[in-house]
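Numbering-wise (the numbering used here), the sequence shown opens with residue 259 and increments by one. Think of the CB as a built atom: it goes at the ideal place given N, C-alpha and C, for glycine as much as any other residue. Just below is one structure, and these are the notes that go with it.
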Amino acid sequence: MVRAGTALALAAGGLALAGCASAGDVRDLEYLAWVDAGAVGSVEYSYVDELGRSRQAGAGVTASSWVHSVRGGPRVGLTVTPGDAATAHCAIVDRSNRSMLVVRNGRVGESITCAFG
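Here it is, written out as structure tokens:
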């Protein structure tokens, strides 16, 4: 289900995205994490794959941004832990219909979680 007229701009990726998506579908997803200074630190993400299996993974990140694509749904999540004195941001994008599922902005030094479904 897409709501017309709802638009969000994601500065980190330069994406102009609109709408919201149903939680029931398997989709082409993109996880995005970034910080305002320094390095991301670490990310943990989860999704349900096309066969209904729960998947979880994590990574240490030494760059100021991180992007990862998967095919999954309906429940998805991304937790971002920033490096010292950084503010973390996260987003999950449905690339199938170019809609933003969730976007969050954290506080300095705090982990944040983007979750949908």
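{"Query": "C-alpha gap between A265 and G375, whole angstroms", "Result": "Because A265 sits at a pLDDT of 24, beneath the cut-off of 50, its placement in the model cannot be relied upon, and the point is left open."}
{"Query": "For T345: DSSP bridge partner residues", "Result": "V366"}
{"Query": "With 16 other Cβ atoms within 10 Å as the buried cut-off, status of T339", "Result": "buried"}
{"Query": "Alpha carbon of T320 to alpha carbon of A297, nearest angstrom", "Result": "5 Å"}
{"Query": "7 Å Cβ shell around A269 - same chain, five flanking residues per side excluded", "Result": "Low confidence applies here, because A269 scores a pLDDT of 30, under 50, leaving its location unreliable; read the following figure in that light. So the list is empty, once near-sequence residues are dropped."}
{"Query": "Backbone secondary structure at A295 - three-state DSSP", "Result": "coil"}
{"Query": "Start and end residues, beta strand (DSSP E) containing A315", "Result": "312–319"}
{"Query": "Residue range of the beta strand (DSSP E) that includes S327", "Result": "323–330"}
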